[in-house]
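Peer 1:
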Amino acid sequence: SQTIHQWPATLVQPVGSPLSLECTVEGTSNPNLYWYRQAAGRGLQLLFYSVGIGQISSEVPQNLSASRPQDRQFILSSKKLLLSDSGFYLCAWIPGDYGYTFGSGTRLTVV
Amino acid sequence: SQQGEEDPQALSIQEGENATMNCSYKTSINNLQWYRQNSGRGLVHLILIRSNEREKHSGRLRVTLDTSKKSSSLLITASRAADTASYFCATRGGSNYKLTFGKGTLLTVNP
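If you read the sequences in order, they're chains A and B. Just so we're on the same page, my numbering is the position in the first sequence counted from 1, plus 3. Just so we're on the same page, my numbering is the position in the second sequence counted from 1, plus 1327.
1) Assess, as a yes-or-no matter, whether the segment 20-37 of chain A is touched by the segment 74-86 of chain A under the definition of 3 or more beta carbon pairs within less than 8 Å.
2) From the DSSP output, read off the bridge partner residues of V28 (chain A).
3) Would you be able to state if there are at least three C-beta pairs under 8 Å between the segment 35-44 of chain A and the segment 9-21 of chain A?
4) With C-beta atoms as the reference, is V28 (chain A) less than 9 Å away from L49 (chain A)?
5) Does DSSP put L1426 (chain B) in a helix, a strand or coil?
6) What residue does the beta strand (DSSP E) around N1358 (chain B) start on, and which one ends it?
7) Would you say L1434 (chain B) faces chain A, with C-beta separation under 9 Å as the test?
8) Please list the partners that R45 (chain A) has in chain B, where partner means a Cβ-to-Cβ separation under 7 Å.
9) For L93 (chain A) and I59 (chain A), I'd like the C-alpha separation in whole angstroms.
10) To the nearest angstrom, how far is it from the Cα of T3 (chain A) to the Cα of G44 (chain A)?
11) Based on DSSP bridge pairs, tell me the residues matched to A1337 (chain B).
12) In angstroms with no decimal places, state the Cα-to-Cα distance between Q5 (chain A) and R75 (chain A).
13) Taking beta-carbon pairs under 7 Å, can you tell me which members of the segment 1370-1392 of chain B lie near chain A?
14) With a CB to CB cut of under 7 Å and the five nearest residues on each side skipped, what residues in its chain are close to N33 (chain A)?
15) Taking 9 Å as the threshold (C-beta atoms), are A1412 (chain B) and Y103 (chain A) in contact?
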């Protein structure tokens, strides 16, 4: 079966520390993968998407970066976190011409 | 920028009543999708309606799409307390698979 895994579920990091969030999918190959961020009381903002290994498209300039080292792995990173990086981060993939399947999300609090 | 805008921002009803949420968007679309998010969780895909469709049903869900008015509605019939969640519309335009989300409607169903 096709599943998506995202971890950790919650994270509290100090300002200026690095970040690495990982997302992996199973049961498929060459998926389109997406990173979204949801601020409190807001909709979802697309951060990055990837159509293949090493292929990253950035939607908004920010303090974050993404990488796709393997076909089914998508990583969101930062070298130095800012307070404004706090939010709920969601990884998603799209199984064909249907709706997205989302991971369970990571709640990041930068203190 | 946000493509879809849901209305109302919050809706509170009694169990058994119907709930209607609306979504407006600005540019031409390929399809429009509705998602549900329970508090602190990832989003779950509910239903997708293509630009050449006008109405679609799935269980207690009914979605309409009016491309001339650039609007959609989601109707949940015979609501249950378990339907309490935030509901988001998302639009996909063009040949890419990126979705643009609105800010959502918070639905509260009181038992």
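Cβ atoms here follow ideal geometry from the backbone N, Cα and C, with glycine treated the same way.
Peer 2: With the structure as the only source:
1) The count of Cβ pairs closer than 8 Å, one atom from the segment 74-86 of chain A and one from the segment 20-37 of chain A, reaches three, so the stretches are in contact.
2) Looking at the DSSP output, V28 (chain A) bridges to A:I7.
3) Taking a cut-off of 8 Å on C-beta distances, the segment 9-21 of chain A does not touch the segment 35-44 of chain A, as fewer than three cross pairs fall below it.
4) Against a cut-off of 9 Å, the Cβ pair of L49 (chain A) and V28 (chain A) comes out as no contact.
5) When DSSP states are grouped into helix, strand and coil, L1426 (chain B) belongs to the strand group.
6) That run of the beta strand (DSSP E) goes N1358 to Q1364.
7) Not closer than 9 Å to any Cβ of chain A, the Cβ of L1434 (chain B) fails to qualify, so no.
8) Under the 7 Å cutoff, chain B gives K1430.
9) A straight-line Cα-Cα distance of about 16 Å links L93 (chain A) and I59 (chain A).
10) Lying before the first or after the last residue shown, residue 3 (chain A) is absent from chain A, which here runs from 4 to 114.
11) According to DSSP, which records beta bridges pairwise, A1337 (chain B) is partnered with B:L1433.
12) When rounded, the separation of the alpha-carbon atoms in Q5 (chain A) and R75 (chain A) is 11 Å.
13) Listed in sequence order: L1370, H1372 and L1375.
14) Setting aside the 5 residues that flank it on each side, N33 (chain A) is surrounded in the same chain by G55 and D74, each with a C-beta closer than 7 Å to its C-beta; the list follows chain order.
15) No, Cβ-Cβ distance for Y103 (chain A) and A1412 (chain B) is not below 9 Å.
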